[in-house]
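Number of protein chains: 2
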Amino acid sequence: MGQDVDLARPSADDTLGRLAADRDLLGRSGTAQRVAEVLRDRIADGALPPGTRLSEQALGAALGVSRNTLREAFRTLVDGRLVVHEMNRGVFVRMLDPDDVTDIYAVRRALEDTGLRAAATATPERLAALHAAVTGGEAAAGAGDWPEVGTADLRFHRALVALAGSPRLDEYMTRLIAELRLAFLAMPSARALHEPFLRRNRRIVDLIAAGDTAGAALVLERYLDDACEMICTAMRMDGA
Amino acid sequence: MGQDVDLARPSADDTLGRLAADRDLLGRSGTAQRVAEVLRDRIADGALPPGTRLSEQALGAALGVSRNTLREAFRTLVDGRLVVHEMNRGVFVRMLDPDDVTDIYAVRRALEDTGLRAAATATPERLAALHAAVTGGEAAAGAGDWPEVGTADLRFHRALVALAGSPRLDEYMTRLIAELRLAFLAMPSARALHEPFLRRNRRIVDLIAAGDTAGAALVLERYLDDACEMICTAMRMDGA
DNA sequence: GGCTAAGCTATTGTTGAACAATCCCACAAG
DNA sequence: CTTGTGGGATTGTTCAACAATAGCTTAGCC
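For the protein sequence lines, the chains are F and G, in the order given.
Letter by letter, the first sequence follows residues 4 to 243 of this note's numbering.
Letter by letter, the second sequence follows residues 4 to 243 of this note's numbering.
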């Protein structure tokens, strides 16, 4: 069955190179990292709403990990801005204020503009991912699956940044979106949050495909301004 | 001696507000945070060169902290990309390759362009900080203090990003520069690294002052391209 | 009544020791 | 020259302990 090849010898198809790419999928850093991912998910889906105090004893018992391991996970979450650490008081799920949201959208503007400017020289796969995200969002809207519309929207904007082809920009955009989800939790309905922007995403990819990067930048800027204001006003209503 | 004022009563000079700004300087999050800062400094100044293995036992004994506390500090450094964590092997001071440097400079281009575009609407203090950094660099060059020229250069570029007025962009630029210092360590002399760029910084602020943002963007782009290539070639020579 | 001060309790900050799992190295065997 | 095989060191994780702190409760006072 198996062919008689020597993996130690350099070969035409780089099987080894491809396997090396999967290395990080297996060698997960261990318990602390996994705990951090679980908490990230629970914060993102609202199970741990902003302001919640993350008791070391309670969480440690619930997850079956020691306090030390839990504290390591907390460090990661603090650096991701998902929780805040108050000395001798504990860690709390972060509560964003309108200033935070405004700043996040300012950064999004910088990042997504950078991606947009690289659209002309972007690889076909990256442009295809952009189109796929928009199409996926429209399909989810047709099916009435508004949470999926939301994730498709974020996938679209992450794909927009990815046009620049910069791993660090990609990673930062991912972090930013995780932080932004804290603000989305304040919105009453996912539909009201994402439906108005479906058509703009479509328009942006169309303008990119037509080579009108400047036009796309204009639509994008209006998108971000409007989304930011929508969330900020919702937060102000909720807070007052 | 002391004046008889009630700090609880709102007063004209906001002494309390200014004190509150210093709160984070005192109420440091504790041992782990301080350990992380010490290690950051030692990595930046080359005392812990890239590739060094950070033994838990040795470092814990040297710093007088427990392994658990040290591991918390490691998490922060991993998130800052200053060290890499290999499962069951330990943490090592990060070794950058030319691809990393190229990516870092791509992000710098995006961030500093963003600051540049905000120059027209930036506050006078921020523009003054920009000028001060350039002048400080020139003074240090006159005194032959090349390490100081280097920090002044980085201060200038951080001030450039700060024109955008975004806390998150500022923080990310700071992180990026900390990472970039890992690459600077591969350069043989601080003078060769920073001297060629003194005049370009001066030129950039002059163009900004003249309102020629587009011209400044051009000089900046050439700056970043040249600096990136200089470091990358030095790394390739060093590695081979 | 409302305010201040002292004390109690629960939680966090940090340490030290313990044990299993894993990696690295040296060495022997084929 | 490659392939097992120990042995030793280091990491991953837990547990138990103690000091320090925050927040609440209660007592005392005007």
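We put the beta carbon where it would ideally sit given N, CA and C, even for glycine.
Is the stretch 91-101 of chain F in contact with the stretch 146-161 of chain G, if contact means three or more CB pairs nearer than 8 Å?
no
Residue-chain proximity (F/D228, chain G), Cβ-Cβ < 8 Å
At a cut-off of 8 Å between beta carbons, F/D228 makes no contact with chain G.
Where does F/G218 fall in DSSP's three states?
helix
Find out if the Cβ-Cβ distance for the pair F/R178, F/A47 is shorter than 8 Å.
no
Does G/R171 get closer than 8 Å to chain F when you measure Cβ to Cβ?
yes
Going by other Cβ atoms of all chains shown within 10 Å of its Cβ, with 16 needed for buried, is F/E128 buried or exposed?
exposed
Below 8 Å between beta carbons: does that hold for F/A122 and F/I211?
yes
What residues of chain G sit near F/V68, judged by a beta carbon separation below 9 Å?
Neighbours of F/V68 on chain G: none; closest Cβ ~13 Å, over 9 Å.
State the Cα-Cα distance for the pair F/I107 and G/T126, rounded to the nearest angstrom.
20 Å
By Cβ distance, which residues of its chain are closer than 6 Å to G/A217, with the 5 residues on each side in sequence left out?
none
With DSSP run on the structure shown, which of helix, strand or coil describes F/R92?
coil
Starting from the N-terminal side, write out each stretch of the beta strand (DSSP E) that is 3 residues or longer and does not extend beyond the stretch 40-121 of chain G.
86-89, 93-96
What would DSSP say about G/G33, mapped onto helix, strand or coil?
coil
Presumed contact (8 Å Cβ cut-off) between F/L133 and F/L223, rounded CB distance
Going by Cβ atoms, the distance from F/L133 to F/L223 rounds to 12 Å, so no, they are not a contact pair.
To the nearest angstrom, how far is the alpha carbon of G/L80 from that of G/A39?
7 Å
Taking only beta-carbon positions, decide if F/I180 is within less than 8 Å of chain G.
No, because no Cβ of chain G sits closer than 8 Å to the Cβ of F/I180.
Rounded to whole angstroms, what is the Cα-Cα separation between G/A237 and G/D44?
23 Å
Using the C-alpha atoms, what's the distance from G/V68 back to F/L163?
45 Å
Which residues in the same chain have their Cβ closer than 7 Å to the Cβ of G/G63, if we skip the five residues on either side of it in sequence?
S69, R70, L73
F/L99 versus F/L196 - alpha carbon distance:
If you take the alpha carbons of F/L99 and F/L196, they lie about 17 Å apart.
Closer than 7 Å, Cβ to Cβ, to anything on chain F: give me those residues from the stretch 74-106 of chain G, in chain order.
R74, E75, R78, T79, D82, H88, M90, D106
Rounded to whole angstroms, what's the CA-CA distance from G/D228 to G/L57? Just pull it up for me.
33 Å
Taking only the alpha-carbon atoms, compute the straight-line gap between F/R78 and F/T34 and give it to the nearest angstrom.
14 Å
Can the beta-carbon of G/S169 be found less than 8 Å from the beta-carbon of F/A109?
Contact annotation: G/S169 and F/A109 have beta-carbon atoms nearer than 8 Å.
Taking Cβ positions only, does G/S32 come closer than 8 Å to chain F?
yes
Would a check of beta-carbon distances place F/N71 closer than 8 Å to chain G?
yes
Proximal residues of chain F, C-beta to C-beta of G/V38 below 7 Å
The contacting residues do not exist; G/V38 stays about 12 Å from chain F at best.
If the criterion is Cβ atoms closer than 8 Å, does the pair F/L85 and F/E182 meet it?
yes
What is the rounded straight-line gap between the Cα of F/A186 and the Cα of F/R194?
15 Å
Distance, F/L66 Cα to G/L10 Cα
At G/L10, the pLDDT of 46 sits below 50, so the modelled position is not reliable; the number obtained from the coordinates is stated separately. Cα to Cα, the separation comes out at about 46 Å.
What residues of chain G sit near F/T117, judged by a beta carbon separation below 7 Å?
Going along chain G in sequence order, the residues near F/T117 (Cβ under 7 Å) are A113.
Apply the 10 Å Cβ neighbour rule to F/D241 and answer buried if 16 or more other Cβ atoms are within range, or exposed otherwise.
Only exposed fits F/D241, as fewer than 16 other CB atoms lie within 10 angstroms of its CB.
Give the straight-line distance between the Cα atoms of F/A213 and F/E89, rounded to the nearest whole angstrom.
51 Å
Hey, G/P53 and G/R239 are a contact pair by Cβ (cut 8 Å); roughly how many whole angstroms apart?
In fact, because the Cβ distance is near 15 Å, the residues do not count as touching under 8 Å.
Against G/A162, what residues of chain F qualify as contacts under a CB-to-CB distance less than 7 Å, listed in chain order?
Here the premise fails: no neighbours, minimum Cβ distance about 17 Å.
On the criterion of 16 or more Cβ atoms from any shown chain inside 10 Å, does F/D215 qualify as buried, or is it exposed?
Counting Cβ neighbours within 10 Å, F/D215 comes out exposed, since fewer than 16 surround it.
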